[in-house]
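Going by this note's numbering, the sequence shown opens with residue 1258, and the numbers climb by one from there.
Even for Gly, the Cβ is constructed at its ideal location relative to N, Cα and C.
Working notes, structure below.
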Amino acid sequence: MSPAHQVDVVVLGLGAGGEHVAIKLARAGLSVVGVERDLVGGECPFWGCTPSKLMIRGAHVVAEARHVDELAGYAHVEPDLGPTARRIREANHDWTDDGHSGPLEEAGVRLVRGRGRLDGPGRVLVETPAGPETYVATRGVVLATGTEADAPPVPGLAGTPYWTNREVVHATTAPARLGVLGGGPIGAELAQAFARFGSAVTLLEAGPRILGPEEPEASAAVAAAFMREGIDVRTGVEVERVEHDGGTFRLHLPGADLPGEVVEVDELLVATGRRPNLEGIGLETVGLDPAAGRVPVDERLRAGERLWAVGDVTGEGPFTHVAKYQAVGVVADVLGRDVRPADYRGLTRVTFTDPEVGAVGLTEEQARAAGVEVRVGRADVPRSSRGWMHGPGNEGVVKVLEDAARGVLVGGTVVAPYGGEVMGLLSTAVHAEVPVEVLRGMHFPFPTFQRAIETALRDLDR
Ligand SMILES: Cc1cc2nc3c(=O)[nH]c(=O)nc-3n(C[C@H](O)[C@H](O)[C@H](O)COP(=O)(O)OP(=O)(O)OC[C@H]3O[C@@H](n4cnc5c(N)ncnc54)[C@H](O)[C@@H]3O)c2cc1C
Ligand SMILES: NC(=O)c1ccc[n+]([C@@H]2O[C@H](COP(=O)([O-])OP(=O)(O)OC[C@H]3O[C@@H](n4cnc5c(N)ncnc54)[C@H](O)[C@@H]3O)[C@@H](O)[C@H]2O)c1
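This is the structure:
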């Protein structure tokens, strides 16, 4: 067996969280080994945020062009996924990671390609193409292994060539008929993008509504927009069986008494959730429960003896900005600097459908469950000045939640064109606990979508 290499820090997994930690610690002068089994950069740039948002951008242009007839003359639009597919390929260098591994190595990180696992506190074993290697990290290990797509146990599905987020981003044409299983952020964003590029899309969500964890008003507004665009949205539906005959998927839906309906599609995107990459990575060797489904961390992101965790594996919010936020804390703690304790009260998230769903903090249901004395304010975007001027595509709603006892907002949602940007104002309010009275005294420029927030704040007094 080869001798163990001694280093300051080993970062296991180099996605959004691990990449940041490794670079910053190496730049600070520590000896850092970064272990990656796939592409440095992880899910977000290659199969997640970036390609999906490039698709959404192309699709948005198509949708805007289709409004020309209503607002500005005549336009004939023939959507083509090709230019977007080229932008995706260009953005991620044809799924190669030089753009990520280069800066990492320039910072001084020793990149070890292979599958790693913990082997007791501070020890990491890596199966590299050249054989096993052992690293001993004197300061500690940072666990950042992220998630992968998890398909449901629907009979017949496993043997079919269905897409996950890994395959869908390689599409160069929109299939004539697309089935989407799961109406979470991935399913919803991509269902709409493909519909706009010309696919007849059937979206099948097992739960009672799409975007289930968000406010019901958000789900309703997005579902209404989808249906207006011709997306066949079905909720409360679980596919019973899947068949594939070499060209067509046949999705068998449950029927009451008679045989159920069969939906035929050319491609099937499965977006029913993610599984953390925690299997077989030696959690038991550091006293953690491999069956827990996440790695619990404290406010310094510490997960055990000489062990930190960042990103999706912590279960604190499956978003790139959370991974990066946590990474900043880990870097400070490893370097022995003052750490701002991790705080998720003002956690933001944006689902990039059209209308966009921007949200911060608690939903009404969460706030009530937490015992908050909730006051709710709402405003309809189409009835706001800017919403009315915007015309077609103006669906949306603003909802704000006040903790009546403290006079501060604990949550807010903006469903609107560019809702994620507009929500920024609420994000500051929740994070900094700006009193509602102070917010009401602000200047809300006319005629921005922000003014619907002012209306919702006034509505709190109803
Ligand atoms: C389609 C899609 C769209 C998304 N859109 C957005 C968005 O718009 N905004 C947003 O904020 N978030 C978005 N996300 C979520 C975002 O991608 C994740 O939250 C983010 O990538 C988490 O970063 P991470 O570092 O925790 O994990 P990852 O990015 O998953 O990186 C983990 C890395 O660890 C490696 N690894 C795993 N196990 C091992 C092992 N045993 N040994 C060595 N290496 C290992 C993996 O190969 C991977 O490179 C999206 C996700 C998807 C799938
Ligand atoms: N804009 C963003 O920030 C963004 C975009 C995409 C993904 N993400 C993150 O990535 C993660 C994964 O996204 P996701 O959408 O795959 O997962 P998800 O867990 O958020 O949603 C999965 C959906 O699939 C449904 N579902 C589960 N089993 C089903 C079945 N058998 N049939 C039909 N529906 C079924 C669930 O009820 C749920 O609504 C999310 O947690 C999300 O936050 C973020």
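Of Pro1533, Asp1555, Ala1408 and Glu1335, the smallest CA-CA separation from Ala1548 is found for Pro1533. The C-beta of Ala1599 has 16 or more other C-beta atoms within 10 Å across all chains shown, which makes the residue buried.
In the three-state scheme derived from DSSP, where H, G and I count as helix and E and B as strand, Glu1652 is classed as coil. Under the 10 Å beta carbon count, Thr1395 is surrounded by fewer than 16 other beta carbons and is classified as exposed. If you keep only unbroken beta strand (DSSP E) runs of at least 3 residues inside the region 1526-1604, you get 1531-1533, 1559-1561 and 1564-1566.
In the DSSP assignment, Gly1397 forms a beta bridge with Val1266.
Of all C-beta pairs linking the region 1540-1555 to the region 1565-1574, three or more are shorter than 8 angstroms, placing the two stretches in contact. For Leu1540 and Arg1557, the gap between their C-alpha atoms comes out near 19 angstroms. DSSP lists Arg1498 and Val1519 as the bridge partner or partners of His1509.
With respect to Val1290, Val1264 sits close: the two C-beta atoms are nearer than 7 angstroms.
For Gly1272, the shortest separation between its Cβ and any heavy atom of ligand 1 lies below 6 angstroms. A Cβ-Cβ contact shorter than 7 angstroms links Leu1658 with Val1631.
Between Arg1559 and Ala1566, the alpha-carbon positions lie close to 7 angstroms from each other. Restricting attention to Ala1686, Glu1495, Asp1351 and Ala1627, the CA atom closest to the CA of Pro1409 is found in Glu1495. In the DSSP assignment, Trp1420 forms a beta bridge with Leu1526. Proximity of the beta carbon of Thr1577 to ligand 1 is indicated: a heavy atom of the ligand is located closer than 6 angstroms. Rounded to the nearest whole angstrom, the CA to CA distance from Gly1379 to Gly1270 is 15 angstroms. Taking one beta carbon from each stretch, the region 1474-1494 and the region 1637-1654 have 3 or more pairs nearer than 8 angstroms; the two touch. For Thr1608 and Val1614, the gap between their C-alpha atoms comes out near 5 angstroms. In the three-state reduction of the DSSP assignment, Ala1342 falls in the helix class, which pools H, G and I.
According to DSSP, residue pairing for Gly1618 in a beta bridge involves Gly1668. No Cβ-Cβ contact shorter than 7 angstroms links Thr1577 with Ala1364. Judged by DSSP secondary structure, Val1458 falls within the beta strand (DSSP E) whose first and last residues are Ala1457 to Glu1462. Ligand 2 never approaches Ile1488 closely enough for any of its heavy atoms to be under 6 angstroms from the residue's Cβ.
Ranking Val1297, Ala1332 and Thr1670 by CA distance to the CA of Pro1470 puts Thr1670 first. Distance from the CA atom of Val1383 to the CA atom of Leu1375, rounded to whole angstroms, is 9 angstroms. Assignment of Arg1434 by DSSP, reduced to helix, strand and coil, places it in the strand class. About 6 angstroms separates the beta carbon of Gly1668 from that of Val1617, a gap short enough to meet the 8 angstroms contact definition. DSSP lists no bridge partner for Gly1677. If you draw a straight line from the Cα of Met1646 to the Cα of Leu1296, it is about 45 angstroms long.
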